[in-house]
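Numbering-wise (this note's numbering), the sequence shown opens with residue 3 and increments by one.
A virtual CB, placed ideally from N, CA and C, is assigned to each residue, including glycine.
As the structure is a computational prediction, the values presented were derived from the model and not from experiment.
A quick write-up on the structure given underneath.
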Amino acid sequence: MRIFDIAIIGGGVIGSAIAYELSKFRLDIIVIEKEGDVASGTSKANSGVIHSGINSPPGSQKAKFCVEGNQLIQQLAKTLGFSYKKVGKYVIAKTQNEAKELKNLFKNGKKNNVVGLEIHQSSIINNKEPQVVCEEGLWVPSAGIVLPYEFTIILAENALINNVYFLFNTFVKNIKKNHDYFHIETSSNSIQSKLVINAAGLNCREIVSMFEKPDFQIYPCRGEYLVLDKKYSHLIQSMIYPIPDKEKGVLGIHLTPTIEGNILIGPSAEYIDDTTDKRTTKKMMNILFDEAKIILPDLPRNAVINCFSGIRCKLGSPNEGGWADYRIEESRTTKGLINILGIESPGLTSAPAIALHIVKMISNHIDLQRKQEFKILRKEKRFSELSLKERNNLIVKNPQWGRIICRCEHVSEAEVINALSNPLGSQSISSIKYRCRAGMGRCQGGFCLQHMVRILENEFNYDIKDIKLNKEGSYLFSGRTREHVHEK
């Protein structure tokens, strides 16, 4: 049985950020993830917004980690090379009554040390955002965007090349503390660790309950999104937010430009009972679109090319108004168990700041010794982002760079092969999609899926029946139609 210094449960953005920061020290670390890749849950299904800190109450952990994380992510983007844009955002008031709330947000942001805040009249807003209908708006220049899955993946891959071990398709069945070690029983093997970090997101309560009766509940809150075709990217340049919904403790349905040129509409906020219920509904799609039309009257319905949903991990019940602060604490009954609870928005922004906080907590248990040989793996540019000369040079060396297998996103065959050769060893259709964007365009994989399957068969020796969408059991092909017909 292998013994680790630290076991991190959960490979989302929080777990991956912690793994990255801890990989700078001489430690044996394992990340246990129940899905087939990092960023497989809430960490990929969000707006990708790097928040400023205007919304959280002053003095709260949400405010502290959000403001710190906003700055840290900008530094990390330079170091690791992942995509980041400081596009800014407008919180808009559609009526004079709503305009009063802008002043409260302004004051709140100032208390949280958010810089550059300005309240603009509609005439000024329309110089920058001519399509947006509003009375006034709070301009927040420090807000930005990333691709949340790309951010998580590059954190995890950097942790891995610095000797963090990742265990996928594995869930924790039970944990017991025996003397100085935690005995962790998983679905694939047993592990011992000196410390355990519970970064299990929506499943964090299940981990706590293995040691004690939890003094909190998780209230899953589903958020659905619409994705617009890139041809409508001109409609907004900045993020456009409504006045926050105080009754639900969420920021409301907003419009967000993405790194790749799509616009996201959402998320909705629907409290549900099942943490795995990620369905999208026609009813909510219509609500999202109607809300967007109030802000952008010229938005055509055929602009929508896809929809998806994610689930917030909320500690606040709908009866309480939905808002609750993060809880990042060592268990009072089990020394060495660090619980990270209720990480919802602005969790993506807060991740690097939370990770540094966890490092300080770990230092109370372990004498941390920094590595001299820490390695950096930078995110490479996409083929379509290279100059013509750079592309020609790659094609001369390897013709697979010149075979475009995803026409919508201009992804080459070589990029798909590189995506499947990722350091984390995740080989599925989703692992391709979130690393090089094949299948994310207008046709949503209608053209390139066949080529992804061919590459998995020819380059990686997959039997077609073993090709997965994402995790174990999510097989795309169960048999051949002609054979079944012939048997009958």
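- Look at K179 here: in three-state DSSP terms it is strand.
- Three or more beta-carbon pairs drawn from the region 43-54 and the region 304-318 are found closer than 8 Å, and the two stretches are therefore classed as touching.
- In the three-state DSSP reduction, D7 falls in the strand class (E or B).
- Secondary structure of T188 (DSSP, three-state): strand.
- The region 71-126 is shown to contain whole beta strand (DSSP E) runs of 3 or more residues at 91-95 and 120-123, in chain order.
- Taking a contact to require three or more Cβ pairs closer than 8 Å, the region 104-111 and the region 52-60 qualify as touching.
- Going by beta carbons, A41 and I147 fall outside the 8 Å limit.
- Residue pairing by DSSP places H256 opposite G268 in a beta bridge.
- Among the bridge pairs identified by DSSP, C410 is matched with none.
- By the criterion of at least three beta-carbon pairs nearer than 8 Å, the region 292-308 is not in contact with the region 193-200.
- A direct Cα-Cα distance of roughly 6 Å separates R444 from D231.
- In the DSSP assignment, G225 is bridged to G312.
- Sequence-distant Cβ neighbours of N472 in its own chain, meaning closer than 6 Å and more than five residues away, are G38, S430 and S432.
- Excluding five sequence positions before and after L390, none of the CB atoms of its chain fall closer than 8 Å to its own CB.
- Annotated three-state conformation of S195 is strand, per DSSP.
- Runs of the beta strand (DSSP E) spanning 3 or more residues and lying entirely within the region 316-353 occur at 329-332 and 339-343, in chain order.
- Annotation for V166: the continuous beta strand (DSSP E) segment containing it runs V166 to L169.
- Ranked by how close their Cα comes to the Cα of L379, the residues E415, N304 and L426 have L426 in first place.
- In this chain, the alpha helix (DSSP H) harbouring Y151 covers P150 to I163.
- At the C-beta level, K316 and A305 stay beyond 8 Å of one another.
- Between the alpha carbons of F218 and E138 lies a gap of roughly 39 Å.
- Taken through DSSP and simplified to helix, strand or coil, Y464 comes out as coil.
- Each residue's CA atom was taken as its position, placing G448 and V135 some 36 Å apart.
- Residue pairing by DSSP places I147 opposite V51 and K87 in a beta bridge.
- Selection T188, S125, L237 and N308 evaluated against K284 yields N308 as nearest (Cα-Cα).
- Contact annotation: the region 409-422 touches the region 454-474, with at least three C-beta pairs closer than 8 Å.
- Here the region 320-339 does not lie against the region 26-34, with fewer than 3 beta-carbon pairs under 8 Å apart.
- For S480, the CB contacts under 8 Å within the same chain, skipping 5 residues up- and downstream, are K467 in chain order.
- M212: not part of any beta strand (DSSP E); DSSP gives it neither H nor E.
- Here the region 6-24 lies against the region 198-209, with 3 or more beta-carbon pairs under 8 Å apart.
- For A201 against I16, the beta-carbon gap comes to about 5 Å, under 8 Å, which counts as contact.
- Counted as a single uninterrupted DSSP element, the stretch harbouring I297 is not any beta strand (DSSP E) but the alpha helix (DSSP H) occupying residues K284 to I297.
- The region 241-248 makes contact with the region 84-95; the number of CB pairs closer than 8 Å reaches 3 or more.
- For E415, the enclosing alpha helix (DSSP H) stretches over residues E415 to L422.
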